[in-house]
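Just so you know, we're using this note's numbering here: the sequence shown kicks off at 31 and counts up by one.
Scroll down for the structure; my scribbles are underneath it.
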Amino acid sequence: MKKILIIIMFLMFISLVSCNKVETTLLTTKNTSYLPLITKNHTVTYSKEESSNWIIISSDRCSYTYLTINGQIVFPFLFDYAYPFIDGSSVVRLNGLEALIDYNGNYLIPFKYVKLTRINNSNLIQALDELGSVYLYDDSGNLIIDNSLITEYKEYSNNYLIAKTNENYGVINLNHETIIPFEYKSINLIKDNYFALLSDNETVSVVSLTNNEIFSISSSINLDFNQDDLSIFKQNNLYGLVNLEGDIILEPIYNEAVFSKNDSFLFKANSSQKIISPRGEIIFNTDIYNILDYNDNFIIVNDSNKNHYIIDYQGNIKFESLNNTFEIINDLNGDFVILENIIETDKIISQKVYDSNLNLISDKVYLFSSKNFNEERQAIVVYKDFQPLVINYNGETILDLENISKYYLYPNYILVETIDKHFGLYNYLGEEIIKPIYSSICCGIMDK
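Dropping the structure here:
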């Protein structure tokens, strides 16, 4: 805990000594869904709470405050740092200490702690003081648990807390009564009142606070169940799959195991590879290919000669590229694009981008990445002949401006940066909102 405290104080010092005060200019535009802030240095985040509709602004990366969507200052004072509101309260920092405030600027927890941390988005706040002592508050500022032997509160659910003393974990309630003793290397919350306990002898016990132990299994890693009550476990450096009843779904014979982004599992052994659905069904099995990546529709594989293919879940080859590589990039709405690297003499010379139906969106693209398209699927940024341009998913050009080094895609607008580090603003019709003549623009997009 003392090491953590030293690191926190060091980072605070670094942030303070790097401040450069500059003037701020606020602009108004026809579209009130965004509020540009023109500065030389900038940092902006924004709260998505319906009742707040505030933007956090900084003119110099040192002084932060809250603005309404109309540009009105919410509080008549500045902070060294400010966080978005969650359930009516927000953490702010000033002079190396943190406090909790409400919508009216009232202090629910005063400036007396070096770090305030909300526990897994609950209404509980962990407070760390300068001596390394830990306290527990609710987000109304009520002290729940005074200074004790607890060194960390890890997770909260249904009035129970996973907590740590020194190097061991246990479970307590809000009355500070010990429910599970502090004698485990790791404790994971599975669901309400179900916990996975990893002991020093590499045994995991799954327990219910009402039904006691459900089962135990030998594993060197703790169990972490998905929504369908399946978890990877590890025995003798090999991986298997187990359900919440303790039934072995896959024996531990696999060298690799990955819990995928779409809640499925990928298991690899020397002779075979399997993709397992979130419910534990084998949906793809191969002893021919090496699986590189996959999504709900396609699988990217290569063979022993390092030739790359995109196949469907029936094993049919949908796309073939000898000695080239593929990548599937998912956006936040579940759609994706497929990136093909064109390689000559071991160097990527260009890239092609395909949509989820394997239709070519753009060729002669270079340096495409997942940051180059926004979550609304309005557009993507591609590089053609090393110059950036903005196109839609039909391949039609939205913006192709001269002397532009970067495009940043946000909901409802595109931020452009010129080669000489000036910024402007455009919409998705390609219309100019703010000329690219400013040293910096920060935009906070507010909920409508």
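Backbone N, C-alpha and C fix where the C-beta goes; we use that ideal spot for every residue, glycine too.
The structure displayed is predicted, hence computed values, not measured ones.
Whose C-beta lies closer than 7 Å to the C-beta of residue i among residues of the same chain, with five residues either side of it excluded?
i, result
"Asp132", "Gly118, Ser119, Leu138"
"Phe349", "Tyr339, Ile340, Leu388"
"Glu232", "Ser248, Ser249, Ser250"
"Asn238", "According to the sequence as given, residue 238 is Ser; it is not Asn. Taken in chain order, the residues that qualify are Asn223, Tyr224, Ile244."
"Asn5", "It is not possible to answer for residue 5, since the shown part of the chain is limited to 31 through 478."
"Phe255", "Ile220, Ser261, Leu274"
"Ile278", "Gly270, Val272"
"Asp230", "Lys215"
"Tyr186", "Ile149, Asn150, Ser152, Leu154"
"Ser170", "Leu138"
"Asn196", "Thr181"
Counting along the chain, where does the beta strand (DSSP E) carrying residue i start and finish?
i, result
"Thr240", "Element bounds for Thr240: n/a, residue is neither H nor E."
"Ile279", "278-284"
"Ser249", "Unbroken run through Ser249: none, as it is neither H nor E."
"Gly310", "Looking at the DSSP string, Gly310 is not in any beta strand (DSSP E), and its letter there is neither H nor E."
"Leu227", "224-228"
"Gly200", "198-203"
"Tyr133", "Tyr133 -> no beta strand (DSSP E), and no H or E assigned at all."
"Ile149", "No beta strand (DSSP E) holds Ile149; DSSP gives it neither H nor E."
"Glu426", "Looking at the DSSP string, Glu426 is not in any beta strand (DSSP E), and its letter there is neither H nor E."
"Leu179", "Segment: none, Leu179 is in no beta strand (DSSP E) and carries neither H nor E."
Run through the DSSP bridge pairs and tell me what residue i is partnered with.
i, result
"Phe416", "Beta-bridge pairing links Phe416 to no other residue."
"Thr448", "Ile434"
"Lys184", "Looking at the DSSP assignment, Lys184 forms no beta bridge with any residue, so it has no partner."
"Asp168", "Leu154"
"Tyr458", "Answer is none; Tyr458 lacks a bridge partner."
"Asn332", "Asn320, His338"
"Gln344", "DSSP, once it has assigned bridges, lists no residue as partnering Gln344."
"Ile262", "Leu271"
"Leu390", "Tyr384"
"Leu173", "Tyr167"
Check residue i in the structure and name its three-state DSSP category.
i, result
"Asn218", "strand"
"Gln156", "strand"
"Val287", "In the sequence as displayed, the identity of residue 287 is Ala instead of Val. If DSSP states are grouped into helix, strand and coil, Ala287 belongs with the strands."
"Ser301", "coil"
"Ile192", "strand"
"His206", "coil"
"Ala409", "coil"
"Gly162", "coil"
"Glu213", "strand"
"Pro114", "coil"
"Pro441", "coil"
"Phe255", "coil"
"Pro66", "Because Pro66 sits at a pLDDT of 34, beneath the cut-off of 50, its placement in the model cannot be relied upon, and the following sentence gives the value as read from the coordinates. Of the three classes helix, strand and coil, the one that applies to Pro66 here is strand, per DSSP."
"Glu232", "coil"
"Ser120", "strand"
"Ser294", "coil"
Using a Cβ-based criterion (distance less than 6 Å to any ligand heavy atom), does residue i qualify as near the ligand HEM?
i, result
"Val122", "This structure lacks the ligand HEM, and indeed carries no ligand of any kind."
Which residues in the same chain have their Cβ closer than 6 Å to the Cβ of residue i, if we skip the five residues on either side of it in sequence?
i, result
"Ile175", "Leu166, His206"
"Thr485", "Residue 485 cannot be examined here, being either before or after the span of the chain that is shown, 31 to 478."
"Pro211", "Gly200"
"Ala287", "Ile262, Tyr269, Phe297"
"Glu462", "Tyr456"
"Ser302", "Asp317"
"Ile467", "His452"
Apart from the five residues just before and just after residue i, which ones in its own chain have a Cβ nearer than 8 Å to its Cβ?
i, result
"Ser351", "Asn337, His338, Tyr339, Glu370"
"Asn151", "Ile116"
"Ile313", "Ser294, Ile305, Ile306, Ser307, Tyr343"
"Ser163", "Asn177"
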